[in-house]
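Chains as they are written, first to last, in the numbering used here: chain A, 41 to 301; chain B, 41 to 301. Note that the Cβ used here is the ideal one computed from N, Cα and C, for glycine as well. Since the model is a prediction, treat every value here as computed from it, not as a measurement.
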């Protein structure tokens with residue numbers, strides 16, 4: 041079976057970006073559900089689908105039901121859906137942090153369709169460059185989800201619940217925590233009347249390098265070359281920034297051992 | 041006076057990249073000095089200049105002398121140069137970590153010409169996108185260095201010794217330390233048989249966002265939304281990675297206070 045018709049549950053960021061990517065790829069978005077009818081109408085109209093705010097009118101015969109709601113709401117939505125749908129429909133959610141077992145009590149054919157990207161309301165996303173992590177308990181469904189992913193993205197991977205949990209933790213380090221380091225750079229340059237923009241090409245280059253080489257090989261700076269003079273001078277400056285000094289000390293202590301983990 | 045003729049002291053990465061950028065912009069590279077004649081010849085030949093490995097034959101009348109050697113070697117090179125050159129020549133070094141006062145005992149017109157980028161041997165660098173930080177003790181020299189910078193780069197800034205020291209510290213956070221975080225992501229995904237490449241678009245997006253907005257505004261993740269359940273689950277997983285767990289705990293503790301510094 042090829043996936044052709046889809047119902048989207050949710051009308052937030054993920055539903056918008058994913059919905060449009062699927063529509064452009066030629067999929068039929070039959071319905072968009074949101075408790076807020078206005079939000080459902082906005083999205084459904086732009087996808088040529090039907091807006092619903094009552095699960096009683098949910099289409100019974102779509103090939104796929106995509107739950108694109110906040111992590112905390114997935115269980116409740118699943119519970120309501122099983123009252124309206126056959127337990128044999130294929131259902132997925134789009135969360136990186138929620139195991140597929142959340143559907144266990146309600147549905148027989150369940151999976152994950154997780155676009156690994158930080159999506160913004162205001163910003164268009166080129167979905168062809170967003171990696172899609174797919175998983176399903178049935179082999180055939182997993183393959184169909186993979187094919188669906190390939191229709192909207194160049195990069196699709198089979199990722200099970202445990203692997204997805206690891207990806208989510210890794211994303212905290214490479215996205216949330218590196219943004220915090222950029223914040224540190226932004227704060228101390230601002231205080232010195234230095235434009236933060238001067239650092240942007242260096243940041244971009246840091247990212248370019250790990251596209252070809254493992255980060256371990258690309259490590260530079262005073263900590264990896266054991267330049268204690270420079271480290272001491274930097275720490276003296278950071279006395280005015282106790283939080284930033286803590287980060288500096290910890291990571292400088294860990295970098296020399298990065299080869300031994 | 042417009043800077044037109046240049047002597048480059050050094051034949052390493054910085055000398056190569058900077059020398060070629062200056063040559064392409066129409067500057068005359070009169071000489072390249074390196075203690076290793078073979079290295080001097082390699083670079084000088086590609087710049088249509090003269091290779092020297094003895095400072096006795098250094099040109100006396102160039103508009104600018106650029107010291108592009110390792111931080112530790114700058115003082116010694118400066119000491120040798122003053123024996124061969126008039127103390128009235130304009131001399132600069134290219135180091136982010138070394139104050140311009142290093143020339144105080146030897147030269148009257150001294151400055152900095154610091155390209156803020158991480159340069160690799162194997163990789164071509166588009167120098168027009170490399171910010172150049174300039175400084176000189178004489179106003180006219182500073183302006184000439186600024187003009188020289190503009191001939192090879194779109195982004196030139198007057199940055200004094202203290203500001204450059206802050207930039208250097210900020211670079212450790214945004215470049216060296218963020219690379220360490222990428223290493224963490226690379227390690228834990230490798231151990232779970234997940235391709236690290238899946239995270240590259242997310243990393244790129246993290247960088248795109250701070251080109252428009254301060255990192256402070258772009259902070260996302262469990263720490264900023266005080267999602268202790270997720271943090272606990274992540275820390276349980278990281279028990280196998282005690283170093284990475286330390287980083288996770290520290291930065292998660294600091295992120296909620298990033299608005300108060």
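Neighbouring residues, chain B, relative to residue i (Cβ below 8 Å)
i                     : result
residue 294 (chain A) : 220, 283, 286 and 287
residue 229 (chain A) : 206, 207 and 210
residue 277 (chain A) : 205, 206 and 209
residue 72 (chain A)  : Correct list: empty, because the minimum Cβ distance to chain B is about 25 Å.
residue 298 (chain A) : 220 and 223
residue 251 (chain A) : 240
Test item: CB-CB of residue i and residue j under 8 Å
i                     : j                     : result
residue 76 (chain B)  : residue 93 (chain B)  : yes
residue 215 (chain B) : residue 243 (chain A) : yes
residue 89 (chain B)  : residue 70 (chain B)  : yes
residue 167 (chain A) : residue 192 (chain A) : yes
residue 151 (chain B) : residue 135 (chain B) : no
residue 118 (chain B) : residue 146 (chain B) : yes
residue 212 (chain A) : residue 213 (chain B) : no
residue 255 (chain B) : residue 226 (chain A) : yes
residue 229 (chain B) : residue 206 (chain A) : yes
residue 290 (chain A) : residue 132 (chain B) : no
residue 55 (chain B)  : residue 95 (chain B)  : no
residue 285 (chain A) : residue 294 (chain A) : no
residue 174 (chain A) : residue 143 (chain A) : no
residue 208 (chain A) : residue 115 (chain A) : no
residue 99 (chain B)  : residue 130 (chain B) : no
residue 81 (chain B)  : residue 91 (chain B)  : yes
Per-residue burial, residue i [other beta carbons within 10 Å of its own, 16 or more giving buried]
i                     : result
residue 296 (chain A) : exposed
residue 219 (chain A) : buried
residue 184 (chain B) : buried
residue 261 (chain A) : buried
residue 97 (chain B)  : exposed
residue 276 (chain A) : exposed
residue 171 (chain B) : buried
residue 66 (chain A)  : exposed
residue 282 (chain A) : exposed
residue 78 (chain B)  : exposed
residue 204 (chain B) : buried
residue 201 (chain A) : exposed
residue 221 (chain B) : buried
residue 194 (chain A) : exposed
residue 259 (chain A) : buried
residue 245 (chain A) : buried
residue 363 (chain B) : Residue 363 (chain B) lies beyond the residue range present for chain B, which begins at 41 and ends at 301; the question has no answer from this structure.
residue 62 (chain B)  : buried
residue 188 (chain A) : buried
Which of helix, strand or coil DSSP assigns to residue i
i                     : result
residue 298 (chain A) : coil
residue 271 (chain A) : helix
residue 46 (chain A)  : strand
residue 175 (chain A) : strand
residue 101 (chain B) : coil
residue 108 (chain A) : coil
residue 265 (chain A) : coil
residue 145 (chain B) : coil
residue 220 (chain B) : helix
residue 65 (chain A)  : coil
residue 281 (chain B) : coil
residue 84 (chain A)  : helix
residue 194 (chain A) : coil
residue 91 (chain B)  : strand
residue 155 (chain B) : strand
residue 131 (chain B) : strand
residue 311 (chain A) : Outside the shown range of chain A, which is 41 to 301, sits residue 311 (chain A), and nothing can be said about it.
Where residue i meets chain B, residues with beta-carbon distance less than 7 Å
i                     : result
residue 213 (chain A) : 221, 224 and 225
residue 84 (chain A)  : The contacting residues do not exist; residue 84 (chain A) stays about 27 Å from chain B at best.
residue 274 (chain A) : 209 and 212
Chain-ordered neighbours of residue i on chain A, where CB pairs are closer than 7 Å
i                     : result
residue 255 (chain B) : 219, 222, 223 and 226
residue 247 (chain B) : 243, 244 and 247
residue 199 (chain B) : 234
Contacts of residue i in chain A (Cβ-Cβ under 8 Å)
i                     : result
residue 139 (chain B) : Simply none; closest approach about 11 Å.
residue 260 (chain B) : 158, 215, 216 and 219
residue 152 (chain B) : Simply none; closest approach about 14 Å.
residue 170 (chain B) : 241
Neighbouring residues, chain A, relative to residue i (Cβ below 9 Å)
i                     : result
residue 189 (chain B) : The contacting residues do not exist; residue 189 (chain B) stays about 12 Å from chain A at best.
residue 54 (chain B)  : Here the premise fails: no neighbours, minimum Cβ distance about 14 Å.
residue 270 (chain B) : 111, 137, 208 and 212
Chain C within 8 Å of residue i, Cβ atoms only
i                    : result
residue 60 (chain B) : You won't find chain C in this structure, because its protein chains are A and B.
Check whether the region 102–109 of chain A touches the region 45–61 of chain A, taking contact to mean three or more Cβ pairs, one atom from each stretch, closer than 8 Å. yes
The region 124–134 of chain B contacting the region 78–89 of chain B, beta-carbon criterion three pairs below 8 Å: no
Segment contact, 8 Å Cβ cut-off, at least three pairs: the region 245–253 of chain A with the region 156–164 of chain B: yes
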